[in-house]
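Asker: Residue numbers (this note's numbering): -5 to 283.
Pasting a structure here, questions to come.
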């Protein structure tokens, strides 16, 4: 486990999946879900797909490859290529095992940096091969809900920085359903309630905002912000009523239920030319009451 510290707190990151396991504010309060029975992860990286594909197989040049939900990056060991007190970079490159599931040459890096406000996470996707690289990438951090022990979950609010008027999408068995739904966001505010997630995740594929504030009545809060590279925001909590809330900036989206084509033609896939690199950043800034 690699730990980074600043005046804003500390983050602990495992080389397995390059996954943060803990994010504490300056007062020591834990903001990340601690991988309980309801969900065994903390903040995995989703690559090279977001969500599932039908039958857990992709098609590339008419050949099929097994690729399970959210891809493989979260389940592999990454190499630490940079480490200091406040910054660390992890790297994952293609190899024989990844090419059995995803037949492309790539270099994926995740850089974490603690500064005076909180944690920035930067993803770098490089095409080191000689054909176009089709990919999606997403973050999947889970936060404690309630933010303060003993606070009712339905007294928490997500406040967006812009009005969110566009319809949302839903998933069924982690595949995208065809019909848009009215947004549960009222203006800029989403009052949280476990009932919101009885129909699974809230998928905002036309999110207008680039930041939001997830807050409790005490004033304890977490600001989540992301750059323009992330065109989709997913908000999810297990329908079992688990005490976690995922707020997920994604560059990509779940696969439509009826999709049967090539990976390169899937909704939400990026197309990275040989020799090119895509870079994107999001932030988590804890706020104490």
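No residue lacks a Cβ here, since even glycine has one placed at the ideal position from N, Cα and C.
Using three-state DSSP, classify residue 92 as helix, strand or coil.
Answerer: Residue 92: helix per DSSP, three-state reduction.
Asker: At which residues does the beta strand (DSSP E) containing residue 209 begin and terminate?
Answerer: Segment 205 to 209, the beta strand (DSSP E) holding residue 209.
Asker: For a quick check, are the C-beta atoms of residue 196 and residue 241 less than 7 angstroms apart?
Answerer: Their beta carbons are not under 7 angstroms apart, which means residue 196 does not touch residue 241 by this criterion.
Asker: Please state whether the Cβ-Cβ distance between residue 126 and residue 102 is less than 7 angstroms.
Answerer: No, Cβ-Cβ distance for residue 126 and residue 102 is not below 7 angstroms.
Asker: Give the single residue among 14, 164, 136 and 180 whose Cα lies nearest to the Cα of residue 154.
Answerer: The shortest C-alpha separation from residue 154 is found at 180.
Asker: According to the Cβ coordinates, are residue 209 and residue 151 closer than 7 angstroms?
Answerer: In this structure, residue 151 lies closer than 7 angstroms to residue 209 by Cβ.
Asker: Does the distance from the C-beta atom of residue 219 to that of residue 205 stay below 7 angstroms?
Answerer: For residue 219 and residue 205, yes; Cβs fall inside 7 angstroms.
Asker: Would you mind sorting residue 203 into buried or exposed? The rule is 16 or more other CB atoms within 10 Å of its CB.
Answerer: It counts as buried.
Asker: What residue range is occupied by the uninterrupted beta strand (DSSP E) comprising residue 153?
Answerer: First-last of the beta strand (DSSP E) with residue 153: 151 to 154.
Asker: When burial is assigned at 16 or more other CB atoms within 10 Å of the CB, is residue 5 buried or exposed?
Answerer: Per the 10 Å Cβ criterion, buried.
Asker: Helix, strand or coil for residue 98? Go by DSSP, reduced to three states.
Answerer: Residue 98: coil per DSSP, three-state reduction.
Asker: Can you confirm whether the region 52 to 60 touches the region 264 to 280 when touching is taken to mean that 3 or more C-beta pairs between the two stretches lie within less than 8 angstroms?
Answerer: Verdict: no, contact absent.
Asker: Residue 118 bridges to which residues according to DSSP?
Answerer: Answer is 103 and 273, bridged to residue 118.
Asker: Let me check understanding here. Comparing Cα to Cα, which of 258, 131, 63 and 187 lies closest to residue 239?
Answerer: Ranking the options by Cα distance to residue 239, first place goes to 187.
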